[in-house]
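*Asks:*
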Amino acid sequence: MSDHRDASSMSVQARQIDEWLASIAAANPQIAAIDRGTSDGTLAGDPRWYVRMIGEEKDYTTVWLTLGQRTLRYETYVMPAPEEQAEELYEHLLRRNDRLVGAHFSIGLEDAVYLRGELFDQVLSEASIDRVLGTLYATVEQCFRSLLRIGFASRFAEHDPD
Numbered sequence: 082m083s084d085h086r087d088a089s090s091m092s093v094q095a096r097q098i099d100e101w102l103a104s105i106a107a108a109n110p111q112i113a114a115i116d117r118g119t120s121d122g123t124l125a126g127d128p129r130w131y132v133r134m135i136g137e138e139k140d141y142t143t144v145w146l147t148l149g150q151r152t153l154r155y156e157t158y159v160m161p162a163p164e165e166q167a168e169e170l171y172e173h174l175l176r177r178n179d180r181l182v183g184a185h186f187s188i189g190l191e192d193a194v195y196l197r198g199e200l201f202d203q204v205l206s207e208a209s210i211d212r213v214l215g216t217l218y219a220t221v222e223q224c225f226r227s228l229l230r231i232g233f234a235s236r237f238a239e240h241d242p243d
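Quick note: the sequence shown, position 11, residue 92 per the numbering used here, numbers continuous.
1. What would DSSP say about Gly198, mapped onto helix, strand or coil?
2. Examine the Cβ distances between the segment 136-147 and the segment 168-176 and report whether three or more of them are shorter than 8 Å.
3. With distances taken Cα to Cα, identify the nearest neighbour of Tyr218 among Asp121, Glu207, Tyr195, Trp101.
4. Let me know the secondary structure DSSP gives Arg176 once reduced to three states.
5. Let me know the secondary structure DSSP gives Ala184 once reduced to three states.
6. Count the other C-beta atoms from every protein chain shown that fall within 10 angstroms of the C-beta of Glu165, then say buried if there are 16 or more, exposed otherwise.
As structure tokens, then:
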């Protein structure tokens with residue numbers, strides 16, 4: 082097993098990520114904001130970024146990137162816990178997981194639905210971060226409405242003209 086990175090090498094990698102995200106944002110008008118903090122809100126926490134992207138199906142998709150000792154973890158909140166048809170929704174998510182590369186749906190706090198993944202630090206590059214952002218954004222845009230229609234079906238039935 083490899084050694085943990087020291088604070089200096091993590092700081093260098095964090096600066097690289099800052100630069101890569103700035104470059105990605107400059108080329109992508111869908112990116113509304115990028116901010117940086119730490120995983121626990123203190124100076125001692127792991128470096129953490131959020132990238133907020135303007136969507137069409139979902140107003141905004143915010144991706145959190147957290148740099149750890151060996152990986153860059155990423156996640157986005159997709160939707161709250163389903164109010165109904167939870168089994169159908171979870172089956173739908175598991176079937177989608179089978180087709181996803183580099184990310185997976187999961188259940189998080191308060192049973193909310195998230196899309197998550199991680200990259201090993203050895204493969205971090207501007208291109209890999211751009212791919213991650215694109216994958217999460219595209220996946221949320223593709224499935225958001227259908228997930229809401231499953232998990233909140235009665236709310237949509239009230240508005241359907243049929």
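For every residue, glycine included, the Cβ atom is placed at its ideal position computed from N, Cα and C.
*Replies:* Taking the definition as stated:
1. strand
2. Contact check between the segment 136-147 and the segment 168-176: fewer than three CB pairs, one atom from each, fall below 8 Å, which does not count as touching.
3. Distances from the alpha-carbon of Tyr218 to those of Asp121, Glu207, Tyr195, Trp101 put Tyr195 closest.
4. In this structure, DSSP gives Arg176 a helical state, which the three-state scheme calls helix.
5. Note: Ala184 maps to coil in three-state DSSP.
6. exposed
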